[in-house]
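This report concerns only the one structure given below.
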Amino acid sequence: MQPNDLAAAQTSRRTFLRSACAGVAVTGLIGTATGIEDQYRTVIDVADAGADRSGSESVSPLLADLIGDDTLLKFPPGEYYMDEQVRESGADNVGLVGDDATLVPADYYDFDGPQYRLFRLGTYYDPARDVLIKNFDVDQRADDTGIRAFHVSVSDGLSVKNIDVIGRHDSGTWGPALFRVTDSDGSGHIDGLRITDGADWQTQTPGDLWRGPTGILINNHDGSIRLDHCVVRNYPDNGLYVTGSGSVSVVGGLFQNNGPVNVRIGASRATVERTEFVTDQRSPYYLAQIPMRFDYADRVVVRDVSIDLTAPNGDAVQILDDVESAALRNTDIDIADVPAAGVVVKSGSGPVSIVDVDVDMDCSANAFRLLGNGGGVVVQDCRIAGSASGENLRHAIRCERDNCEFRALTVDQWGGGKRRGIALLGEDYTVYKCRIRCSDRPVSAYGDDIWIEENYLDSYSGDESIRIGPDADSVRIKNNELPDGIQDAGGRNVLVTGTTY
Numbered sequence: 001m002q003p004n005d006l007a008a009a010q011t012s013r014r015t016f017l018r019s020a021c022a023g024v025a026v027t028g029l030i031g032t033a034t035g036i037e038d039q040y041r042t043v044i045d046v047a048d049a050g051a052d053r054s055g056s057e058s059v060s061p062l063l064a065d066l067i068g069d070d071t072l073l074k075f076p077p078g079e080y081y082m083d084e085q086v087r088e089s090g091a092d093n094v095g096l097v098g099d100d101a102t103l104v105p106a107d108y109y110d111f112d113g114p115q116y117r118l119f120r121l122g123t124y125y126d127p128a129r130d131v132l133i134k135n136f137d138v139d140q141r142a143d144d145t146g147i148r149a150f151h152v153s154v155s156d157g158l159s160v161k162n163i164d165v166i167g168r169h170d171s172g173t174w175g176p177a178l179f180r181v182t183d184s185d186g187s188g189h190i191d192g193l194r195i196t197d198g199a200d201w202q203t204q205t206p207g208d209l210w211r212g213p214t215g216i217l218i219n220n221h222d223g224s225i226r227l228d229h230c231v232v233r234n235y236p237d238n239g240l241y242v243t244g245s246g247s248v249s250v251v252g253g254l255f256q257n258n259g260p261v262n263v264r265i266g267a268s269r270a271t272v273e274r275t276e277f278v279t280d281q282r283s284p285y286y287l288a289q290i291p292m293r294f295d296y297a298d299r300v301v302v303r304d305v306s307i308d309l310t311a312p313n314g315d316a317v318q319i320l321d322d323v324e325s326a327a328l329r330n331t332d333i334d335i336a337d338v339p340a341a342g343v344v345v346k347s348g349s350g351p352v353s354i355v356d357v358d359v360d361m362d363c364s365a366n367a368f369r370l371l372g373n374g375g376g377v378v379v380q381d382c383r384i385a386g387s388a389s390g391e392n393l394r395h396a397i398r399c400e401r402d403n404c405e406f407r408a409l410t411v412d413q414w415g416g417g418k419r420r421g422i423a424l425l426g427e428d429y430t431v432y433k434c435r436i437r438c439s440d441r442p443v444s445a446y447g448d449d450i451w452i453e454e455n456y457l458d459s460y461s462g463d464e465s466i467r468i469g470p471d472a473d474s475v476r477i478k479n480n481e482l483p484d485g486i487q488d489a490g491g492r493n494v495l496v497t498g499t500t501y
């Protein structure tokens, strides 16, 4: 048989099998098809089509024959063993829906072909459209087992819901999920993807994937994707990693002990809200386990987030230089006694606002570190507390960039080692209606054009409330309460009015 004849025969067999199975499945649904089933021309119960539900025989060849355009594959209760990839490029309106259904991937050695994926639906250059995946467990508890269960590229219409990946990913191959939306007007929704048992480092696995797998990967992404209530724990190459020109929203869920970053995003717009981040177990392999890092974006919004670093291994939030603007709102950060910063704004980033952010820290590090050149920063209605000392990094807030405002802050840092409040090292600052108490001086005014008004600034050790550096120029101190006075080391154009001591 010639190659073209073989391809034609395979297509013919597939078409015949799908038609026959669809006839059986739909007959049993006449008069009852509602909801999801109404959205497809063909509805197939894979067990009725011959799929083994005991987990002893591979269903991959059968699924490859059944899957196709305008087709819903229903998986009744059972275990479905898969030992090779099922691929459908450019598919239109495809559904995979389980009912107490478990997908069981073969281990690294028994998987036929590249040990990468169970389902590959669409590609970047030939994306699918309207893909539904719902209600599956993926059981990879066997030794040397772990797979990318779902690799989905759509132009529009991605829906993934209620997926649990069970067992530690110890094969050294790609992580459980990759999603992307290729059209700028397209969208996708991931709701309840739970990947909780983690993955092994590359040196502990038969595969040699660098570092190890990523939990959820979204790359070459141009549309919009929202992730609701997802849980990712203990993955070595980022928990969630997003790159592309699209937008992404992370809402709710938990990201815990992933390295080097729990949620790492580069996108046109990034939103993280009502999400919990935890680092309570340091990995001996990971250089860092940062909760959030934003590599680039036109706009970043973080709100109503909880970050708990009981075993810190890196800063809580990093905003890098290619972020055009960012806003952090109503967020709690707890940092134990291993040095790690709360919020780091890297040199070159655009304007940033930090409002109603609480940092409780017992480590010698900066709660807010605002570096180098870039847009102005507003820090307002924030609270910094805890027993942090000044042993390593003296200041609760270190500000190197210009045009920054600190309004209505409460800082209480009672640890030893000369813990200080705010260091103002650039130009054009406002410190207004703040209450700052720390073991050493509350304010170090070393820059130019500094306005300090209506603050209470107290040192637990009796050091000066404000120190004006020798190179400071144009410092205005108005209507403050300064129990420990001012030390002026030679600043120029210093004016003090209406201040009590």
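Residues in the sequence shown are numbered from 1 upward in steps of one, following UniProt numbering.
For every residue, glycine included, the Cβ atom is placed at its ideal position computed from N, Cα and C.
Beta-carbon spacing of residue i, residue j below 9 Å
i, j, result
"T243", "A270", "no"
"T182", "D137", "no"
"R303", "L328", "yes"
"L72", "Y40", "yes"
"Q413", "R441", "no"
"I147", "F179", "no"
"V338", "R369", "no"
"A336", "A297", "no"
"G386", "V359", "yes"
"residue 504", "D200", "The structure shown does not extend to residue 504, since the chain is modelled only from 1 to 501, so the question has no answer here."
"V411", "V378", "no"
"D222", "G186", "yes"
C-alpha gap between residue i and residue j, whole angstroms
i, j, result
"G390", "D228", "40 Å"
"I30", "E37", "Because I30 sits at a pLDDT of 28, beneath the cut-off of 50, its placement in the model cannot be relied upon, and the following sentence gives the value as read from the coordinates. Their backbone Cα atoms lie some 11 Å apart in a straight line."
"I166", "Q256", "16 Å"
"S224", "Y109", "37 Å"
"G375", "G348", "8 Å"
"A177", "C404", "41 Å"
"E421", "T275", "Correcting the residue type first, residue 421 is Gly in the shown sequence and not Glu. Approximately 29 Å, taken between the alpha carbons."
"T196", "D449", "51 Å"
"A365", "D99", "50 Å"
"S60", "G50", "12 Å"
"N479", "M292", "39 Å"
"V248", "R226", "6 Å"
"S461", "V301", "39 Å"
"K74", "V251", "29 Å"
"R194", "L254", "9 Å"
Anticipated Cβ contact below 8 Å, residue i with residue j, distance rounded
i, j, result
"V82", "V46", "Reading off the sequence, residue 82 comes out as Met, not Val. About 12 Å; that fails the 8 Å criterion."
"S159", "P127", "Not confirmed; about 15 Å, so no contact."
"A472", "G491", "4 Å"
"L457", "S444", "No, L457 and S444 are not in contact; Cβ-Cβ is about 11 Å, not under 8 Å."
"D322", "D295", "7 Å"
"N258", "Y235", "5 Å"
"I67", "V43", "13 Å between Cβ atoms; not a contact."
As assigned by DSSP and simplified to three states, the class of residue i
i, result
"residue 536", "There is simply no residue 536 to check, as the chain begins at 1 and stops at 501 in what is shown."
"L63", "helix"
"D412", "strand"
"Q204", "helix"
"D381", "coil"
"Q281", "coil"
"Q289", "coil"
"G35", "helix"
"N257", "coil"
"W451", "strand"
"residue 509", "Here the chain has residues from 1 to 501 only, and residue 509 is not among them."
"R168", "coil"
"G78", "strand"
"A51", "coil"
"S245", "coil"
"A472", "coil"
"D92", "strand"
Short CB-CB distance (under 9 Å) between residue i and chain C
i, result
"F75", "The structure shown contains no chain C; it holds only a single protein chain."
- Message: With three or more C-beta pairs closer than 8 Å as the rule, is the stretch 119-129 touching the stretch 167-174?
- Response: Too few Cβ pairs lie closer than 8 Å, so no.
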